[in-house]
Structure formats: structure tokens, C-alpha cells
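So the structure is just underneath, and the comments pick up after that.
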């Protein structure tokens with residue numbers, strides 16, 4: 001070896017050491033890969049590289065300048081054309097740990113459910129016309145039989161603003177110039193989802209997109225918070241999750257409304273009934289899976305109790321007590337407690353510190369254990385109240401952090417997450433559509449990974465974003481990195497079970513099932 | 001104290017400790033603030049908060065949904081309306097450590113210089129018309145007297161594509177339908193700068209904006225690489241830098257072209273003559289400052305030798321030898337060596353490793369010391385060749401890192417930067433316009449600060465971006481954080497001197513002058 005050659009060899013060795021050192025915290029390199037996994041990893045990386053230079057480098061009529069990990073709402077149709085997406089759709093995803101129940105079911109499906117309900121009515125603050133159809137939001141509500149409306153249409157000039165019209169009539173009589181019944185569907189779906197123009201143009205700032213985002217929940221609440229729809233909504237959520245390879249769910253349910261509207265149109269179904277329904281549907285779906293010999297594909301679902309961070313600290317006390325009461329009656333269902341809503345605008349955790357500290361004392365008294373699983377740091381703020389929520393979530397002993405987008409700014413917090421096993425529920429597509437980043441390559445996920453912070457990828461609000469299941473989120477992450485590969489996705493899936501609220505026995509059981517599924521998946525990748 | 005109160009007090013104490021711990025690496029908290037600085041800090045924070053809720057919350061006709069730290073090219077006019085900008089424009093900035101000389105002078109000024117030169121000619125590949133004026137780029141070149149052209153216009157149908165027209169004629173005869181001479185100016189300026197539509201619409205991906213960005217350098221080279229213009233260009237750069245409170249400069253000069261065009265139109269002025277010119281203008285400007293009793297405001301300027309990372313490793317050897325020769329002749333001028341250009345597309349450092357290792361050996365032989373000051377990690381890639389440049393820059397012993405945008409992904413690299421004092425030349429506005437982030441709140445700067453990585457804020461290519469001086473970059477950083485304040489900017493300014501290539505005696509001298517300027521600045525803030 002000449003001196004230049006030995007210099008080079010020495011350099012390459014130092015380089016390998018530095019890279020290894022830099023990546024030593026990564027969780028996806030801790031377990032060795034099987035020979036089949038090594039093969040599958042290479043296959044997936046080759047397909048990724050090929051598609052990066054074909055599908056993602058061509059100009060498409062409707063998608064100018066595409067690239068891997070581009071804006072989801074614009075790139076979605078290209079994603080569906082990839083081989084990578086097909087492969088990932090078959091991947092066993094483990095658990096879905098961050099999804100808001102009222103934003104989990106395809107909006108078209110929800111509308112179909114709604115159209116079967118004669119009790120459901122719609123009203124608008126002014127007659128719908130061609131010029132206002134894109135900005136007027138429908139308000140839905142189930143009415144008691146004696147209040148059913150005779151009004152026929154929300155598009156006729158004779159419509160009296162604020163009058164309820166049955167949803168079936170409103171659809172049938174939707175003006176032909178507005179597209180008739182199909183126009184009605186489009187109008188409602190538009191109010192339930194964020195479209196690319198809104199995300200990337202008219203509402204492209206964080207403040208503006210949150211206005212639109214929040215409005216979708218107000219619209220959908222009128223449909224979902226209705227006893228005949230609620231179980232069917234949950235059933236569809238479970239069904240489509242299973243189809244996407246999700247075996248376990250911890251769903252956040254918004255308990256802000258203290259009651260739900262019953263079949264009779266009366267607003268009087270209390271929270272405990274919601275849980276009875278949830279439990280019933282869960283059992284039915286699991287029974288059904290069992291009958292098909294597929295019980296391993298869906299081991300269960302739990303609820304993270306949430307309310308919204310605009311209530312007063314005094315009001316919060318009611319919800320905390322409610323949560324404890326539900327936990328005592330349904331110990332197998334209540335998995336944790338959280339406060340949700342736009343952190344940039346709403347009340348920070350520090351302002352709730354008194355009731356939250358008291359909550360822990362009350363749990364001891366009542367002999368229950370309800371971990372906090374807080375949203376925190378879903379923000380671009382640096383030292384803002386929303387960013388500071390991360391400190392309080394940690395100090396309050398949060399089991400996981402919802403989003404934790406700003407955690408990467410905090411070296412000490414990342415250390416604590418790694419050392420104490422506090423996983424982050426990272427929602428890549430949600431973060432991008434809500435304008436924390438403009439595309440996936442901007443997402444700070446690689447920082448979390450290189451710091452050894454456990455991550456469970458999540459979909460957040462798929463009915464609003466159109467990222468049903470977890471495949472889209474896994475896809476966006478995989479194509480935006482050359483470090484991450486199939487073994488990174490494996491780690492996400494495994495960690496989603498590892499950092500769930502399952503007890504150690506349940507966890508062991510779940511992971512054993514998942515590992516079996518994973519092996520079959522890898523065999524599938526290698527053999528095709 | 002009741003038990004709740006003591007719980008709360010204990011909580012607040014733990015919280016303060018965690019926050020202090022999390023921020024303990026920050027460089028801006030190491031030195032205590034003077035009473036005047038504490039006052040000034042508060043004044044600046046109050047103005048920032050006020051303007052965030054006034055100027056940045058109102059809808060403006062030309063700026064929909066503004067926010068602090070928004071897209072620079074759209075928000076620039078609002079920035080100019082703020083009190084904060086006026087204050088920062090008076091702040092002593094210390095050193096400018098990252099700027100490409102050929103992109104440092106206002107484009108209108110460059111055009112004015114050019115229009116005084118009868119030797120300068122322009123040509124285009126086809127006649128300029130209303131439909132192509134926005135896409136056709138001018139090519140400029142100084143011609144020898146015997147090749148001066150008689151052609152009159154680039155907008156007449158009789159124009160023969162590719163024919164040189166004197167710049168003076170081309171301007172005078174620019175078709176009135178295209179705006180006449182003013183239209184000519186607009187056309188040229190448009191080719192020298194990136195406009196908001198390009199950055200945020202037509203070229204809003206990294207790949208597309210780099211195409212536009214690169215094209216501006218090709219256009220300007222035809223004007224700047226001309227002996228009569230070069231010194232005036234440098235003089236203006238120094239002059240405007242001084243006006244903005246910059247006291248010392250390390251400018252990157254692109255030595256890719258081995259010669260410059262002389263006054264006689266012959267392309268034969270070698271690199272050493274460029275340095276003679278640089279030195280002469282520097283001395284003249286410093287003499288002039290001295291005559292005004294202002295010598296402390298400009299203590300000097302040096303050159304970082306750069307060439308472009310598309311040359312072969314063999315070609316690089318010529319430049320490295322050239323750099324050594326220049327260093328021997330002008331030891332006070334050559335400050336370092338760098339390779340520049342779009343890292344996402346061009347050759348990574350690892351491919352140049354042989355000549356770069358040899359460079360160090362050759363320096364020893366020649367008894368010179370030329371530190372590497374590498375661009376590295378100016379990318380969103382994760383494990384891409386551009387991202388991996390960060391490892392090689394470190395292993396090659398880089399003194400600072402240009403951009404280092406992806407350094408935040410690498411915990412070990414941040415540790416090394418902190419421990420070894422490797423500063424990052426962070427160019428916030430450049431990063432945003434070149435689409436690494438969409439606005440300042442997305443910029444990873446806070447991560448660097450909380451990890452104790454030294455940072456020198458820089459402007460990169462102000463003639464292309466319109467961020468002349470350093471005030472705009474300081475502004476964007478200040479309004480995008482609630483942790484950072486005036487003391488953070490103080491640290492940037494001080495660190496720009498601390499991590500310059502000045503020797504320890506020069507550094508001590510520079511910092512003493514700067515500290516005096518800083519005190520006056522703080523007095524100014526407090527007294528008005």
C-alpha cells in the first residue's frame with residue numbers, strides 16, 4: 001500500500017467510525033437483520049431509487065416539479081402509482097397511537113351514513129349560491145321527530161337563513177346549477193376535508209389552515225355525535241384500520257360535549273354510553289375477526305380521554321373527575337388523558353397545572369392509573385407557550401408526547417425521551433398539511449431518530465387529510481431519507497406496540513403476533 | 001403555604017431547573033448583561049411583541065396573511081416599516097464571514113457601472129419580445145475595440161440571434177413596447193435577482209430555484225469579470241457593508257475562470273492581478289476611513305479561495321496549487337479554501353478526498369496554512385451525498401462550516417462543533433429563498449443555539465436575494481423566536497469575530513473595538 005493509499009484507507013476508517021458514532025442512538029440499528037430482511041431492505045431501496053428518478057422526476061400535467069416526499073395533497077395520486085406504496089400497504093403497522101376518532105373515517109362514507117338518517121338536518125346562514133358555495137359551511141344536527149322540517153332546499157331563494165332542512169331533502173333539491181345532489185355531496189365533503197388549494201394557497205399559513213382545520217370538526221360533529229351513526233363510524237374506523245395492517249388502536253375521543261344526541265333526537269346520551277357503544281362495536285368486530293380465524297389482526301382498541309384546551313382550569317376539573325369515573329367503570333378502555341386543540345392559540349399546560357397535579361392525587365385516592373399522553377410542541381414557536389408545553393408535558397410525567405414537533409429544539413428533552421422511553425407520536429402528513437413543514441424532507445423526524453427518541457408514526461386526522469390508514473405516512477417518511485429504510489419502518493411498527501399502554505403481558509403477546517406478521521411480510525417482499 | 005401551594009412552588013422550581021438545563025449550552029447566556037443591556041433587551045422585546053400584534057397581524061393589500069419571519073421577498077416591504085429594523089440597522093454586526101463576492105453588490109448599481117463601459121456588449125439567442133422577455137437571459141461580455149458591434153438592438157425583428165450589441169445601444173434601442181430603456185433595466189435586473197413569484201411559485205422547489213439562482217451568476221459574471229468594473233464592484237461592497245455596521249469581511253471569490261477580461265477586451269488577467277486589485281481597493285477604502293477618523297469601522301477584508309464542485313479531482317489540483325501560490329504571495333489576503341455550488345447535484349467532498357488530503361501535505365512543504373472553510377450540508381437530504389459532506393468537512397478539519405443546514409440532524413457533529421469551536425456560517429434568508437425552509441420559524445437555527453454550536457449569521461448572496469448587509473438576516477432571526485433576543489444577536493456578532501481567521505492579536509483588537517461600538521449601540525437603544 002502506497003502512502004496515499006494508506007492515507008485514504010485511514011481516512012475511510014475514521015469516516016466510518018464517525019458515521020457509526022453519529023448514528024449510534026438510532027433504534028433501527030439495534031436489532032440485527034435476518035438474511036431475508038437484508039434482501040427485502042435492498043429491494044425496497046432499489047425501488048425507491050428507481051421511482052425517485054422516474055415517477056418523481058417527470059413533469060406531470062397536474063403535478064409540476066414533483067419530488068419524493070412532496071406536498072401530500074398534490075402528490076397523493078402519484079404516490080398511488082408507485083410500487084413502494086403497494087408494498088407498504090401490505091406491511092403490518094403495529095398500533096395506531098395518535099388519531100382523533102372524529103376524524104378517522106372517510107368523509108364520503110360518513111356522508112353516506114348520514115344520508116340514511118331522516119332525523120339529520122342541515123342549516124346554513126344564507127341561501128347557497130354559486131358565489132358562496134365554497135365558503136358557506138353546513139351545520140348538521142339530528143332533530144326529534146316533532147321538529148322534522150318541511151323546508152325543501154338550502155339553494156332556493158325562498159330559503160330562510162338558519163332554517164333546518166332534512167339532509168335528504170337538501171341533497172335531493174340541491175340546485176342543478178350547483179351540481180344537484182352530486183354538488184351537495186361535493187359541498188359537504190369540501191367542508192369535511194382540506195383541499196390542496198386551501199393547504200398550499202389560500203390558507204397556507206399555520207394560523208389560516210388551523211381555521212379551516214377546526215371548521216371541519218364543527219361540521220362533522222353534527223353527523224358523528226348522533227347515536228345511530230356513532231357505532232357505524234367506529235366500526236368503519238376499525239375495519240379500514242385492519243385492512244391497512246393496524247392491529248391495535250389508542251383513539252383519542254373528544255369528550256368536550258357532555259352528551260350525544262340519541263336516536264330520538266334528544267341531546268342526552270352521557271359519556272358512559274359512548275363507552276358502552278365503543279366496547280360493543282369493538283367486541284363485535286373482534287368476534288367477527290375471530291370467526292374468520294383472523295383474531296391476531298386486531299387485538300383491541302382503547303380510548304385516550306381528551307377535552308379541548310380552551311376550557312377554564314375549573315371546567316377541567318369536571319372532565320378529570322369524569323375521566324376517573326369512566327376509568328373505574330371501564331378500566332380496559334380508558335388508556336390515558338390529553339388536552340387537544342391549536343397550541344399556538346389556546347391555553348398552555350402551565351395554566352392548567354393545578355387541576356392536573358390534583359388529578360394525580362385523585363387517582364391515587366380512587367386507586368386508578370390514567371397516564372397523561374399529552375399533545376405538546378405542535379408548533380414552530382421557539383420559546384412560545386406552545387413550545388413550552390413540552391417542558392410541562394415532561395414534568396407532568398407524560399407517557400408519550402403527541403406530535404412533539406418542537407422537541408428537536410430541546411437537547412435535554414430528547415435525552416429524557418430516550419432515557420425514560422417517552423415515545424413521540426409523529427404525524428408527518430398532518431404536520432405538513434398544517435404547515436409546520438412544507439414537505440417531508442423538511443420534517444425534523446431524522447433528528448429524533450438520530451437522537452434515539454422512540455417514535456410511533458401516526459395519521460392524526462385522516463378523514464380531513466385523506467391519509468387513511470398508516471401507509472401514506474410510512475410512505476412519506478421512507479422516500480424522504482436515504483438513511484431510513486425498511487428496518488426504520490419496522491422499528492416504528494414495533495415501537496408503536498412497545499410504547500402503547502398495553503400491559504407487559506399483552507405487549508409481549510402483541511409483539512409476538514406482529515413479529516410473525518412481519519416475517520410473512522418480508523417473505524412477500526422478497527418473493528415478488 | 002398550603003400543600004397545593006407548596007406542590008405548585010416545587011413544580012415551578014423543577015420547571016425552572018429543566019429549562020435552565022435544556023438551555024445550558026446556549027452561548028448567549030454565558031456572559032452577564034450590563035444594566036443598560038438588560039434595559040435594551042426589554043425595549044427590543046417589547047417592540048417585537050407590539051409589532052407582532054400590529055404590522056404582522058394586519059392584512060396588507062400586497063401581503064396576505066403576514067407573520068413575523070414570513071417569506072423574505074414577500075415581507076421585505078413590511079420589514080422596512082418596522083422600528084425593529086431601524087434599530088438593528090444601527091447594530092454593529094462584527095464580521096461578514098459568508099458572502100460570495102460576485103453576489104454582494106446591489107444589481108442596479110452593477111448595471112449602472114456596466115452602462116458606463118462602451119466595451120460591454122450583450123447578446124441573446126433570439127430577438128426579445130413581449131412573450132419571451134421574462135425567460136430570455138442576457139449574456140454580457142467586454143469586447144476588444146476592433147470587435148465593437150454596430151448592431152443596434154436586441155428587440156428588433158432584424159436582430160440576428162447571437163450577435164453582440166453594445167450594452168449602451170441595446171438599452172437605448174430597447175423597444176418602447178417593452179418599456180424602452182427602463183424596460184431594459186428591468187429585464188437585466190430580473191436576470192440578476194430572484195423575484196417572489198419565482199421563489200414562491202414558478203420555481204418553488206429546491207431543484208427549480210437552484211436553476212434560477214445559478215443563472216443569475218452566469219449573467220452577472222459577464223459584467224463583474226471585467227477589469228474596469230471589478231475594483232468598483234469591490235469598493236461598493238465594502239462601502240455598503242460598512243454602512244450596515246460590518247467591520248470585517250471574509251469574502252468567497254470564485255476563481256473558476258482562470259483569467260479576467262482586461263480593459264482592452266482581452267481575456268488574460270490572471271488571479272494574482274485580481275488580488276492586487278482587491279488589496280488596492282481595500283487599502284484605499286481603509287485610508288479613506290482613516291481620513292474620516294473611522295478606521296475602527298473597517299478593520300479589513302480577506303478572501304476565501306473557492307472553485308466550483310463540478311470540476312474533476314484532477315482539475316482541482318490546479319486550483320489547490322494556485323491557491324498555495326496566491327497564499328505565498330498574499331499571505332494577508334488568503335484566509336481559506338472552499339468548494340461551492342449546489343451540493344444536491346454536484347460532486348461530494350468524498351470524491352475529492354485525494355487532492356484535498358494532498359493539499360494539506362503540500363501546505364506543509366510550502367510552509368503555509370490555508371484552512372478549509374467548507375460549504376457542507378446545504379440540503380434537506382438525510383444521508384444523501386450533500387448531507388454526508390458534513391462528515392467529510394469535519395474529518396478534513398474544516399475551520400467553519402458554510403451553511404451546515406443539515407448539521408442539526410447529527411448529534412455527534414453538533415458535539416464536535418461545540419467542543420472544537422467549529423462555527424456555522426448560517427444564512428437564514430438564503431436558506432429560505434433557496435427553499436430549504438419556507439419561512440424563518442421553520443429554520444433549524446434554534447437547534448444549533450440550544451446545542452451550543454457557534455453561529456455567524458451571514459447574507460450569502462445579497463445581490464440575488466435583496467438582503468443587502470446583515471440587518472435583514474438579523475431581523476428575520478430575532479422576530480422568529482421568543483428565546484432569542486438582543487443578547488443572541490450580540491453573540492452572533494461577537495462570534496463572527498471570534499471564529500474569523502484573524503490571528504489572536506488581531507482578534508483581540510477587533511473585539512475590543514466591537515465591544516466599544518456595542519456599548520454605544522446599547523446606549524442608543526436605551527436613550528431613544
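Protein chains in written order, with UniProt numbering: chain U, 1 to 528; chain W, 1 to 528. Built from N, CA and C at the ideal position, the CB exists for glycine as well. The structure presented is a predicted model; accordingly, all values stated were derived computationally and were not measured.
Asked                                                                                                                                                                          : Found
Looking at the structure shown, is residue 31(W) part of a helix, part of a strand, or coil, going by DSSP?                                                                    : coil
Just confirm the distance between the C-beta atoms of residue 341(U) and residue 309(U), as a whole number of angstroms; I'd bet it's less than 8 Å.                           : 5 Å
Identify the continuous beta strand (DSSP E) that holds residue 294(U) and give its terminal residues.                                                                         : Where residue 294(U) is concerned, there is no enclosing beta strand (DSSP E), given that its DSSP letter is neither H nor E.
Look at the Cβ atom of residue 463(W), then the Cβ atom of residue 192(W), and state whether they are nearer than 8 Å.                                                         : yes
Looking at chain U, is there any beta carbon in it that lies within less than 8 Å of the beta carbon of residue 14(W)?                                                         : yes
Run down chain W in chain order and give the residues with a C-beta less than 8 Å from the C-beta of residue 175(U).                                                           : By Cβ distance, chain W contributes nothing, its closest Cβ being about 31 Å from residue 175(U), past 8 Å.
Would you check if the stretch 447 to 460 of chain U and the stretch 473 to 490 of chain U touch, i.e. whether three or more CB-CB distances between them fall below 8 Å?      : yes
Could you round the C-beta distance between residue 246(U) and residue 96(U) to whole angstroms and report it? I think they count as a contact, below 8 Å.                     : 5 Å
Just to confirm my understanding: we take residue 538(U), look at its own chain, exclude 5 residues before and 5 after, and list those with CB closer than 6 Å. What are they? : Lying outside 1 to 528, the shown extent of chain U, residue 538(U) is not represented and no answer is given.
Whole angstroms is fine: what's the gap from residue 86(U)'s alpha carbon to residue 6(W)'s?                                                                                   : 57 Å
Taking 8 Å as the CB-CB limit, is residue 441(W) close to chain U?                                                                                                             : yes
Along chain U, in chain order, which residues have C-beta atoms closer than 7 Å to that of residue 391(W)?                                                                     : 15, 18, 19
What's the call for residue 100(W), buried or exposed, on a 16-neighbour Cβ count within 10 Å?                                                                                 : buried
Between the alpha carbons of residue 204(U) and residue 435(U), how many angstroms are there, rounded?                                                                         : 7 Å
Going along the chain, which residues of its own chain have a beta-carbon closer than 6 Å to the beta-carbon of residue 349(W), five neighbours each way excluded?             : 389, 392
Between which two residues does the beta strand (DSSP E) containing residue 338(U) stretch?                                                                                    : 334 to 340
Under 7 Å Cβ-Cβ, which residues of chain W neighbour residue 30(U)?                                                                                                            : Going along chain W, no residue has its Cβ under 7 Å from residue 30(U), so there is no contact; the nearest lies around 16 Å.
Short check: CB of residue 234(W) to CB of residue 281(W), under 8 Å?                                                                                                          : yes
On the CB-based measure, 16 or more other CB atoms within 10 Å of its CB, does residue 307(U) come out buried or exposed?                                                      : buried
Taking the C-alpha atoms as reference points, what is the distance between residue 423(U) and residue 499(U)?                                                                  : 6 Å
Taking 8 Å as the threshold, find out whether the stretch 156 to 166 of chain W comes into contact with the stretch 177 to 195 of chain W through three or more Cβ pairs.      : no
Check whether the Cβ atoms of residue 248(W) and residue 296(W) sit closer than 8 Å, and answer yes or no.                                                                     : no
Closer than 7 Å by C-beta to residue 489(W): which residues in its own chain qualify, once you throw out the five before and the five after it? Chain order, please.           : 91, 474, 478
For residue 254(W), which residues does DSSP report across the bridge?                                                                                                         : 306(W)
Looking at chain W, is there any beta carbon in it that lies within less than 8 Å of the beta carbon of residue 496(U)?                                                        : no
Taking residue 407(W) as part of the alpha helix (DSSP H), name the residues at either end of that continuous run.                                                             : It is not in any alpha helix (DSSP H) - residue 407(W) carries neither H nor E in the DSSP assignment.
DSSP three-state label for residue 516(U), please.                                                                                                                             : helix
Here's a check: name, in chain order, each residue in its chain whose Cβ is nearer than 6 Å to the Cβ of residue 344(W), leaving out the five neighbours to either side.       : 379, 386
Cutting at 6 Å between CB atoms, please list the residues of its own chain near residue 56(U), excluding the five before and the five after it.                                : 66, 67, 68
When you compare the CB positions of residue 457(U) and residue 411(U), do they come within less than 8 Å of one another, or not?                                              : no
Skipping 5 residues on each side, what residues in its chain have a beta carbon closer than 7 Å to that of residue 75(W)?                                                      : 63, 66
Against chain U, does residue 306(W) count as a neighbour if the rule is that its beta carbon must be under 8 Å from one of theirs?                                            : no
I'd like the ranges of any beta strand (DSSP E) spanning at least 3 consecutive residues and lying wholly in the stretch 71 to 110 of chain W.                                 : 94 to 100
Would you mind sorting residue 48(U) into buried or exposed? The rule is 16 or more other CB atoms within 10 Å of its CB.                                                      : buried
Give the interface partners of residue 25(W) over in chain U, defined as CB-CB distance under 8 Å, in chain order.                                                             : 411
Please check if any C-beta of chain W sits within less than 8 Å of the C-beta of residue 240(U).                                                                               : no
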